[in-house]
Structure formats: structure tokens, C-alpha cells
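J.: In my numbering, each residue's number is its place in the sequence shown (first place is 1) plus 67. All C-beta atoms, glycine included, are put in the ideal place defined by N, C-alpha and C.
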Amino acid sequence: MLNLVLFGPPGAGKGTQSKKLIEKYDLIHLSTGDLLRGEITQGTALGLEAKKLMDEGKLVPDAVVIGMISNKLDANKDAKGFIFDGFPRTVAQAEALDQLLESKQSAISGMIALEVGDDELERRLLERGKESGRPDDANPEVIRKRIKEYNDKTAPVAGFYQNQNKFKSINGVGSVDEIFDAIVNVIEEYKK
Ligand code: AMP
């Protein structure tokens, strides 16, 4: 199985690159942000609870996202592999993911981090907000909170995979195709 964690701050391009990667490698895209927005659209209790935190730019509780990922892994038993996008966002989530995959005789192949500076992220997210309609993309204060949550709680997840020799970072500034090619080069290494 090819199980990739696409890593990087909000606005780094994880969603854009995931869409291209799932086509090339026939993988299942698991974005916890998309799954949470789906719960909100459906008006579930989980969605209602998560919305408050998401609108403030805060992370939702680990147990919530781990449960969603576990369900999706169970629902896609025959998958060739997964791209995890926006998950894991804490070291506790990374540990839980390792355990979930181990129980299925699988493992993370590698993490690929997209590096983009804070000013560029803020610019991209405000631009995306004009079309996405996402409340958390519309407000500069919420955007800065999301970037802070990333730096405080999510950035340490890179070290978790570095310790397992499963970490590569690439420049996330450039054309979509250039960045895609750089990611594919890393994946080909992970596949060896
Ligand atoms: P995203 O679409 O990945 O930018 O996620 C949007 C929002 O959903 C985040 O700001 C968090 O509030 C929440 N979220 C998404 N994924 C996670 C996660 N793995 N852990 C905690 N909160 C998450």
C-alpha cells in the first residue's frame, strides 16, 4: 500500500496536490477538513460542535478526527492506499494513525511537507476565501489563528515522522505542475 501524509500549513496547496495525486496513483483522499465540512452541511451533532471551533480557527478534538479516519479506513478495505490531507495535525493523532494502520498490517510510507511562508499563506487563504465561501478563509484574524495552531500543535508532527526516517520537505511555492513533479519524485523514492 502507498500511504502518504501530505503535510503543511493551511493554504500550502495540500488539497490541490491531493486531487492530482489520487488520479496518478489511484489512492483514496482523506481530508479531515472536508469530512468535517461534510458533517456541517449534513447538520449532524458532530458537525455543529466542530463548526464552532473551526470558525475560530481552532483544532477540533483528537478523538473526533481519529474516529472519522478509522471509519474511512474500515470503509475502504480494498484501497491501494490513502493520501492523508490535514491529518494528523497533532502528535497524538500521528500515534493513533500508526496504530490504526498497524492493526491493518499497513503503515505510513512517508510524509511530504509543502513549505510556504506565512505572508504567502495569508494571501492565498484570503484569495481562496473569495470563492470557497469558507468562513475560516474570510477573516484575517482567524487565518492567523489557524497558522498559529499549526505552528504550536501541528509542526511537531514533522519530527514524529523524521524520527521514523519518513519525512521529506519540498518548496510549496511555484506552479502547481512544478510542485506536483517534485512530489512525484519523492513518492517514487518512497515506493522503492
Ligand atoms: P482544513 O480544511 O484542513 O484547513 O481544516 C479546516 C479546519 O477543520 C481546521 O482549522 C480545524 O478546525 C479542523 N480540522 C481539520 N482537520 C483537523 C485535524 N486533523 N485535527 C483537528 N482539527 C482539524
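Which whole runs of the beta strand (DSSP E) in the stretch 159 to 233 are 3 residues long or more, in chain order?
T.: Correct list: 177 to 182.
J.: Can you tell which of L71, Q84 and G75 has its C-alpha closest to the C-alpha of N218?
T.: Mapped onto the sequence shown, residue 218 falls at position 151. Residue G75 is the option with its Cα nearest to N218.
J.: Using a threshold of 6 Å, is the CB atom of R211 nearer than that to any non-hydrogen atom of the ligand AMP?
T.: As a working note, residue 211 is residue 144 in the sequence shown. False, no ligand heavy atom lies under 6 Å from that Cβ.
J.: Are the Cβ atoms of I150 and L102 separated by less than 7 Å?
T.: As a first step, residue 150 is located in the sequence shown; it is residue number 83 there, counting from the start. As a first step, residue 102 is located in the sequence shown; it is residue number 35 there, counting from the start. Not a contact, by the Cβ cut-off of 7 Å.
J.: Rounded to the nearest angstrom, how far is the Cβ of L94 from that of D152, given a contact under 8 Å?
T.: Numbered from 1 along the sequence shown, position 27 holds the residue referred to as residue 94. Numbered from 1 along the sequence shown, position 85 holds the residue referred to as residue 152. About 11 Å separates the two Cβ atoms, so there is no contact after all.
J.: Between the beta-carbon of G124 and the beta-carbon of V209, is there less than 7 Å?
T.: On the sequence shown, position 57 is the one that residue 124 refers to. On the sequence shown, position 142 is the one that residue 209 refers to. Against a cut-off of 7 Å, the Cβ pair of V209 and G124 comes out as a contact.
J.: Output the distance between the C-alpha atoms of S199 and N252, rounded to the nearest integer angstrom.
T.: Within the sequence shown, the letter at position 132 stands for residue 199. Within the sequence shown, the letter at position 185 stands for residue 252. The straight-line gap from Cα to Cα measures roughly 30 Å.
J.: In this structure, does DSSP put S242 in helix, strand or coil?
T.: By 1-based counting over the sequence shown, the position of residue 242 is 175. Coil at S242, not helix or strand.
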